[in-house]
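Below is one structure; the comments refer to it alone.
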Amino acid sequence: MNDMRIIERGTLVNDIKISAKGVQVYYADNHAIKDVDVEIEDKTVTAFIGPSGCGKSTFLRCLNRMNDTIDICRVEGHIAIDGQDIYDPQVDPVQLRAKVGMVFQKPNPFPKSIYDNIAYGPRIHGLARNKAELDEIVEKSLRRGAIWDEVKDRLDAPGTSLSGGQQQRLCIARAVATEPEVLLMDEPCSALDPIATSQVEELIDELRQSFSVVIVTHSMQQAARVSQKTAFFHLGNLVEYGETGKIFTNPEDSRTESYITGRIG
Amino acid sequence: MSDASMDSTAPRQSRTLLETDARTRRRNAAEKRFRMYGLAAIGIGLFFLIVLAASILRSGLPAFTQTVLSVDFVLTQEQFDKAEGTLFKTKAYEGYFNAALVSQLQSQGLEAEVDAKAAERILGKTGSTIREFYRANPDQLGQEVRFDLSVSSRVDGYFKGRVTRDGFVESRFLMLADLDLVDALTEGGIIRQQFNWNFVTGADSGVDNPGGAGIGASVVGSFFMMLVVLVLSLPIGVAASIYLEEFAPQNRFTDLIEVNISNLAAVPSIVFGILGLAVFIQFMHLPQSAPLVGGLVLTLMTLPTIIISTRASLKAVPPSIRDAALGLGASKMQSVFHHVLPLAAPGILTGTIIGLAQALGETAPLLLIGMVGFVARGYPETFAAGFTDPNSAMPAQIYTWASRADAGFYEKAWGGIIVLLLFLLTMNIIAIILRRRFERRW
Ligand SMILES: Nc1ncnc2c1ncn2[C@@H]1O[C@H](COP(=O)(O)OP(=O)(O)OP(=O)(O)O)[C@@H](O)[C@H]1O
Ligand SMILES: [Mg+2]
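Respectively, the protein sequence lines represent chains W and Y. By the working numbering, the letter at position 9 of the first sequence is numbered 34, and the numbering carries on one by one without gaps. By the working numbering, the letter at position 41 of the second sequence is numbered 47, and the numbering carries on one by one without gaps.
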């Protein structure tokens, strides 16, 4: 842990974008998330860290109700975005997901052309009035996903013909193209090389200007580099949540300290 | 063997790659043996396929040729009037016809006796055919008309090797002397074999006239049924599968439905036939023997096949594709119709065509709802009439022919099987082509 300069970066106090209270998640009998309270700020990058299987992805998927698609999954508690309860029966999860974009742990491009991969979201949400506008959105998104230069000559090629890292950046670009207000990223850089990683981190930093970004990562350095807030999960519990700098230099809980210094994990 | 096992326990000394050790040799031998088994299995399969195809072709191809007797015939007005004046009118016409036959033979320099009985045994009752023709077309009187008459099934069999001179048993249907006459007529070019268009386009005939039987009408019947099956079972089957696979919650009720669908696929087809008889004909009073009812019954039979294969191909689409679409804010419908269904399409298509091919070859349920062979008559009226008029289907027609006594129908049954197999082959080729086209190459 020698790259700790970030901590000197001052953080403003932002509005609360997402507020979760007493969230419990069960997969059938498996209690995967235990009573988590967390408040995620707007225009902030929040990192979720923790050992494998501790429930980071599960909690992330609660925030855009992707857990609804898993039959055995049951979510309890209260999660609100901009003060509105997203589990309210009146809320349409489809509308919610247009507002809360997601990049999955495994790259999952559509088996369609690169262009169509990006254009799909804007198309179904009617973000472009004509082809020219759509072209513009596609280019802008691919640029933000740090992949434009690699694919600009073969937008008709299938998205699945790209390498794993390129596919992941394509998925990031695809998520960005729908202009979400919150972007959930589940280990977006696990398949990327250092150059692409730093490009994605730049993108995350840029997105922070307008959105709230939640990123799950296994890399302490990455959490320290990109995030302002960090949440440490362990065995389904939210052990500690606070300023990234504080978590990494002066954690309150001994488990956090053990994890970031590499003793548990 | 013993030193091989010693080898495997002995410590490895030299590890040269240029020599294969005993273990590797054994593995290679096992692999080679397995490949031989595979080749043998394929060889046996191919052998039986060839035997089957050869025997079908050998027995069935004669159905596509027909032995006809052609005579150029002139009937004058006086002859017509005179014949109409006699008591046995058809006898009179027969006399004229036989005379024409003799004179035609003589003009070729061939001498032969044509007695009325022999002519009748070879040609059947020609008198009535001729009388009907001239009563219908009186303007043809005095003109030369060419009559192509198909010979009796035994004489036809003589040409196709079914009836031979050695071991010939004389009967009132055919005498040995008749064969001499037939030979003479053949030499004179009056009797010859030609392609039997009537078999391909015609309808079923009476039990005593195998020569006139054709499969055309029941091909049309099968076609109408397949249309009904396709139009009903594809949308219903695909919609049911999409609902069960993508939308339905996983609970006892859907489990029950799933088990029932699998069971339905295994229900014998005759059960569907009796169900169709009870529900569609006796309860709903739909017309008997109609392709519409046949199609409905076969739809019931095909649905489970289509549902099972469609669900399998929907299941094969990786869930991450659905997640990707939902994560972008697509609705469930959008995710299914934009992403999942196109990926599942080749599988759905293959399943559908296999189901249709099964339905095309199905006989038992059709017999129960009255789509038996002999109703496929009155062609071409049945052809134009369509879904609700009595007709047969190819397999039922074949079954009807196979169960008739006259040996001439035996060959028709085999010929019908060739036609049926040609249709099945065409459907499978279409399936392969469509599959190739729809399959994404990524
Ligand atoms: N679809 C599922 N069905 C059943 N159990 C699940 C499912 N997804 C996750 N779990 C369980 O929930 C717990 C948390 O899993 P989760 O995927 O959230 O871990 P994670 O922190 O993201 O781990 P990783 O860092 O390895 O991605 C695990 O015990 C896992 O077995
Ligand atoms: Mg995870």
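Cβ coordinates follow ideal geometry from the N, Cα and C atoms, glycine included. Small disclaimer: the values here were computed from a predicted structure and weren't measured.
### Task
Could you name the residues of the segment 249-279 of chain Y whose beta carbon sits closer than 8 Å to any beta carbon of chain W, in the order they occur along the chain?
Residues of the segment 249-279 of chain Y with a Cβ closer than 8 Å to any Cβ of chain W, in chain order: Pro-255, Gln-256.
### Query
For Y/Ile-422, which residues from the same chain have a beta carbon less than 7 Å from its beta carbon, with the 5 sequence-adjacent residues on both sides left out?
The count along the second sequence starts at 1 and reaches residue 422 of chain Y at position 416. Per the sequence presented here, residue 422 of chain Y reads as Gly, with Ile not at that position. For Y/Gly-422, where only same-chain residues beyond five positions count, the Cβ hits under 7 Å are Ile-221, Met-400, Gln-403, Ile-404, Trp-407.
### Query
What residues in its chain sit with their C-beta under 7 Å from that of W/Ile-229, if we drop five residues either side in the sequence?
Within the first sequence, the letter at position 204 stands for residue 229 of chain W. Non-local beta-carbon contacts of W/Ile-229 in its own chain, meaning distances under 7 Å to residues more than five positions away in sequence, involve Val-70, Val-238, Ile-240, Val-251 in chain order.
### Task
Report yes or no: is there a C-beta of chain Y within less than 8 Å of the C-beta of W/Tyr-145?
Translated into the one-based positions of the first sequence, residue 145 of chain W becomes position 120. The beta carbon of W/Tyr-145 sits closer than 8 Å to some beta carbon of chain Y.
### Around ligand 2, Cβ to any heavy atom closer than 7 Å, ordered along the chain
Taking each Cβ in turn, the ones that pass are W/Lys-81, W/Ser-82, W/Gln-130, W/Asp-211, W/Glu-212, W/Val-241.
### Task
Could you list the residues in the segment 322-345 of chain Y with a C-beta less than 9 Å from some C-beta on chain W, going in chain order?
For chain W, the residues of the segment 322-345 of chain Y that bring a beta carbon within less than 9 Å of one of its beta carbons are Pro-324, Pro-325, Ser-326, Ile-327, Arg-328, Asp-329, Ala-330, Ala-331, Leu-332, Gly-333, Leu-334, Gly-335, Ala-336, Ser-337, Lys-338, Gln-340, His-344, His-345, in chain order.
### Close beta carbons around Y/Thr-388, own chain, < 8 Å, minus the five adjacent residues each side
Mapped onto the second sequence, residue 388 of chain Y falls at position 382. With a pLDDT of only 49 at Y/Thr-388, under 50, the local geometry of the prediction cannot be trusted, and no value is derived from it.
### Query
Leaving out five residues before and five after W/Lys-271 in sequence, what residues of the same chain have Cβ atoms less than 6 Å from its Cβ?
Here residue 271 of chain W refers to the residue found at position 246 of the first sequence. Apart from the 5 residues on each side of it in sequence, W/Lys-271 has no Cβ closer than 6 Å to any other Cβ in its chain.
### Task
Find the residues of chain W that neighbour Y/Leu-349, judging by a C-beta separation of less than 7 Å, and give them in chain order.
The residue given as residue 349 of chain Y occupies position 343 in the second sequence. Residues of chain W passing the Cβ test: Pro-136.
### Task
Check the Cβ-Cβ distances between W/Lys-131 and every residue of chain Y, and say whether any is below 8 Å.
For this step, residue 131 of chain W is matched to residue 106 along the first sequence. Cβ-Cβ to chain Y under 8 Å: yes for W/Lys-131.
### Task
Flag this pair as yes or no: are the beta carbons of Y/Gly-459 and Y/Leu-75 separated by less than 8 Å?
Within the shown structure, residues of chain Y are numbered from 7 to 448, placing residue 459 of chain Y beyond reach of any answer.
### Message
For a quick check, are the C-beta atoms of Y/Ile-197 and Y/Val-157 less than 8 Å apart?
### Response
Counting from 1 along the second sequence, the entry for residue 197 of chain Y is found at position 191. Counting from 1 along the second sequence, the entry for residue 157 of chain Y is found at position 151. Y/Ile-197 places its beta carbon less than 8 Å from that of Y/Val-157.
### Query
Just how far apart, CA to CA, sit Y/Glu-138 and Y/Ala-246?
For the purposes of this step, residue 138 of chain Y is taken as residue 132 along the second sequence, with counting starting at 1. For the purposes of this step, residue 246 of chain Y is taken as residue 240 along the second sequence, with counting starting at 1. Between the alpha carbons of Y/Glu-138 and Y/Ala-246 lies a distance of about 58 Å.
### Message
Given the structure, does W/Ala-57 come close to ligand 1, in the sense that its CB is under 7 Å from one of the ligand's heavy atoms?
### Response
Working through the first sequence from its first residue, we reach residue 57 of chain W at position 32. Yes, the Cβ of W/Ala-57 comes within 7 Å of a heavy atom of ligand 1.
### Task
Just list the beta strand (DSSP E) runs in the segment 82-117 of chain W, keeping only unbroken ones of 3 residues or longer that don't cross its boundaries, in chain order.
Within the segment 82-117 of chain W, the beta strand (DSSP E) runs of at least 3 residues that lie entirely inside it are, in chain order, 98-106.
### Message
Strictly under 8 Å for the Cβ-Cβ distance: is W/Val-48 near chain Y by that measure?
### Response
Locating residue 48 of chain W in the first sequence gives position 23, counting from the first residue. Contact of W/Val-48 with chain Y is not assigned, every C-beta pair being separated by 8 Å or more.
### Message
For W/Val-100 and W/Asn-92, what's the separation of their Cα atoms in angstroms?
### Response
Sequence index remark: in the first sequence, residue 100 of chain W carries index 75 (1-based). Sequence index remark: in the first sequence, residue 92 of chain W carries index 67 (1-based). W/Val-100 and W/Asn-92 have their C-alpha atoms roughly 8 Å apart.
#### Entry: Sequence-distant residues of its chain with Cβ nearer than 7 Å to W/Asn-39 (five each side left out)
On the first sequence, position 14 is the one that residue 39 of chain W refers to. Non-local beta-carbon contacts of W/Asn-39 in its own chain, meaning distances under 7 Å to residues more than five positions away in sequence, involve Glu-66, Asp-67, Lys-68, Thr-69 in chain order.
### Message
Quick check on DSSP: helix, strand or coil for Y/Thr-388?
### Response
Your numbering for residue 388 of chain Y matches position 382 in the second sequence. Interpretation of Y/Thr-388 is limited by its pLDDT of 49, a score under 50 that renders its predicted location unreliable; the figure taken from the coordinates is listed afterwards. In the structure shown, Y/Thr-388 sits in a helix (DSSP, three-state: H, G or I).
### Query
Where does Y/Ala-322 fall in DSSP's three states?
Numbered from its first residue, the second sequence carries residue 322 of chain Y at position 316. In the structure shown, Y/Ala-322 sits in coil (DSSP, three-state: anything other than H, G, I, E or B).
### Task
Taking only heavy atoms of ligand 1 into account, decide whether any of them is closer than 7 Å to the Cβ of Y/Ser-409.
Indexing the second sequence from 1 puts residue 409 of chain Y at position 403. No.
### Query
Interface residues of chain Y around W/Ile-220 at Cβ under 8 Å?
What you label residue 220 of chain W is simply residue 195 of the first sequence in a count that begins at 1. The premise fails here: W/Ile-220 is roughly 25 Å from chain Y at the closest Cβ pair, so nothing lies under 8 Å.
### Task
Establish whether the CB of W/Arg-280 and some CB of chain Y are separated by less than 8 Å.
To locate residue 280 of chain W, count along the first sequence from 1; it is residue 255. Residue contact with chain Y for W/Arg-280: absent (no Cβ-Cβ distance below 8 Å to any residue of chain Y).
### Test item: CB-CB of Y/Gln-256 and W/Ile-149 under 8 Å
Indexing the second sequence from 1 puts residue 256 of chain Y at position 250. Indexing the first sequence from 1 puts residue 149 of chain W at position 124. No.
### Message
Between which residues of its own chain and Y/Ser-11 is the CB-CB distance below 7 Å, once the five residues before and five after are set aside?
### Response
The residue labelled residue 11 of chain Y in the question sits at position 5 within the second sequence. With a pLDDT of 48 at Y/Ser-11, under the threshold of 50, the modelled position of this residue cannot be trusted; read the value that follows with caution. Closer than 7 Å at the Cβ level, and outside the excluded window around Y/Ser-11, lies no residue.
### Query
Should W/Ile-97 be listed as close to ligand 1, given that the test is whether its C-beta is under 7 Å from any heavy atom?
Residue mapping note: residue 97 of chain W aligns to position 72 of the first sequence, counting from 1. Yes - ligand 1 has a heavy atom lying nearer than 7 Å to the Cβ of W/Ile-97.
### Residue-level contact to chain Y via CB, W/Val-238, 8 Å cutoff
Numbered from 1 along the first sequence, position 213 holds the residue referred to as residue 238 of chain W. No, W/Val-238 does not count as interfacial toward chain Y.
### Task
Give the DSSP bridge partners of Y/Ala-343, in chain order.
Taking the second sequence and counting its residues from 1, the one referred to as residue 343 of chain Y is at position 337. Residue 343 of chain Y is actually Phe in this sequence, not Ala. Checking the DSSP bridge columns, you'll see Y/Phe-343 has no partner listed.
### Task
Please go through the segment 120-158 of chain W and give each complete beta strand (DSSP E) segment of 3 or more residues, from N-terminal end onward.
Counting only runs of 3 or more, we get 125-128.
### Query
Where DSSP assigns a beta bridge to W/Ser-44, which residues make up the other side?
One-based indexing of the first sequence puts residue 44 of chain W at position 19. W/Ser-44 pairs with W/Glu-64, W/Ala-105.
### Message
Please state the DSSP three-state secondary structure of Y/Asp-395.
### Response
Residue mapping note: residue 395 of chain Y aligns to position 389 of the second sequence, counting from 1. The DSSP-derived three-state label of Y/Asp-395 is coil.
#### Entry: Alpha-carbon to alpha-carbon, Y/Ala-142 and Y/Leu-187
On the second sequence, residue 187 of chain Y is found 181 positions in, with the first residue counted as 1. On the second sequence, residue 142 of chain Y is found 136 positions in, with the first residue counted as 1. So the two alpha carbons sit approximately 31 Å from each other.
### Query
Under 7 Å from any heavy atom of ligand 1, does the C-beta of W/Tyr-52 make it?
By one-based count along the first sequence, residue 52 of chain W stands at place 27. Taking non-hydrogen atoms of ligand 1 into account, the C-beta of W/Tyr-52 is found less than 7 Å away from one of them.
### Task
Would you list the residues sitting across from W/Asp-293 in a DSSP beta bridge?
Residue numbering for chain W in the displayed model covers 26 to 290; residue 293 of chain W lies beyond these limits and cannot be assessed.
### Query
Hey, out of Y/Val-234, Y/Val-108, Y/Gly-44, whose CA is closest to Y/Glu-119's CA?
In the second sequence, residue 119 of chain Y corresponds to position 113, counting from 1. If we check each option's Cα against that of Y/Glu-119, Y/Val-108 comes out closest.
### Message
Measuring only the C-alpha atoms, how far is W/Ile-43 from Y/Glu-264?
### Response
Reading the first sequence from its first residue, position 18 is the one you call residue 43 of chain W. Reading the second sequence from its first residue, position 258 is the one you call residue 264 of chain Y. Taken atom to atom, the span from the alpha-carbon of W/Ile-43 to that of Y/Glu-264 is near 41 Å.
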